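Asks: I am attaching a structure below and will ask some questions about it afterwards.
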Amino acid sequence: MIRKEEITLAGHFNKPHGIKGEISATLDIDADLEEVKCVIIDVDGIFVPFFVSSVRPKTADTDLVTLDGIDSEEKARKFSTRPFYLLNSDIPEIELDPEGGLYASDLIGFTIRDNCSGTLGEITDINDMTDNVLFIITTPEKREILLPVADEFILGIDTTERIVETSYPTEIIELNN
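Per our numbering, the very first residue in the sequence shown carries number -11; after that it's consecutive.
And the structure:
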């Protein structure tokens, strides 16, 4: 049985492509679907592996994926708009950039653990549409929290455990309530 701590949210399926079961998939993390053992989908609270038969690029952001046993448009449609996960063992180790740092987008899928507020949730996206880049964090209760991406609040990053240790002022966290 696959447990939540063994997987990372990796992206989502879009819509079927053609009539032979291909489906468009968008990856939100730096991984190669051709190199993974399987994609994991939450089916009624159970994480079910689906083995990847083929992958071909569609656009810069999406791939066309065929999964074992999914051989028609009707079957592929059941995956539309659903998120998918990858086994942590299939996700490449994050490497520091040449100047010794990480990009905020490298931290998608990491857990935010604040020294005052405890575990806040998982970084599910980055908002870089404003001057202040923000982590979009999904709490265990499925609420979204927006927190600034700023070196002064980040105490450390554990790339093995996929945890970002932070020290945000309580007032910033309370703005999200």
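Ideal Cβ positions, reconstructed from N, Cα and C, are used throughout, including at glycine. Given the structure is predicted, the values throughout are model-derived calculations rather than measurements.
Using a Cβ-Cβ cutoff of less than 7 Å, which residues in the same chain neighbour Pro128 once the five nearest sequence positions on both sides are dropped?
Replies: Answer for Pro128: Gly109, listed in chain order.
Asks: Mind checking Tyr91: buried by the 16 CB within 10 Å criterion, or exposed?
Replies: Exposed is the call here.
Asks: Just how far apart, CA to CA, sit Tyr156 and Thr126?
Replies: Answer to the nearest angstrom: the Cα atoms are 16 Å apart.
Asks: Whole angstroms are fine: how far does the CA of Asp102 sit from the CA of Ile168?
Replies: With the chain running from -11 to 165 in the structure shown, residue 168 is simply not present.
Asks: For Ser68, which residues from the same chain have a beta carbon less than 8 Å from its beta carbon, with the 5 sequence-adjacent residues on both sides left out?
Replies: Around Ser68: Phe1, Asn2, Lys3, Pro4 and Ile11.
Asks: Looking only at DSSP bridge pairs, what is Leu74 linked to?
Replies: BP columns for Leu74 point to Thr(-4).
Asks: Which residue comes first and which comes last in the beta strand (DSSP E) that contains Ile34?
Replies: Looking at the DSSP string, the run of the beta strand (DSSP E) that includes Ile34 is Ile34 to Pro45.
Asks: Under 8 Å between the Cβ atoms of Val152 and Ile145?
Replies: Going by C-beta atoms, Val152 is nearer than 8 Å to Ile145.
Asks: Asp94 by DSSP, collapsed to three states: which one?
Replies: It is helical.
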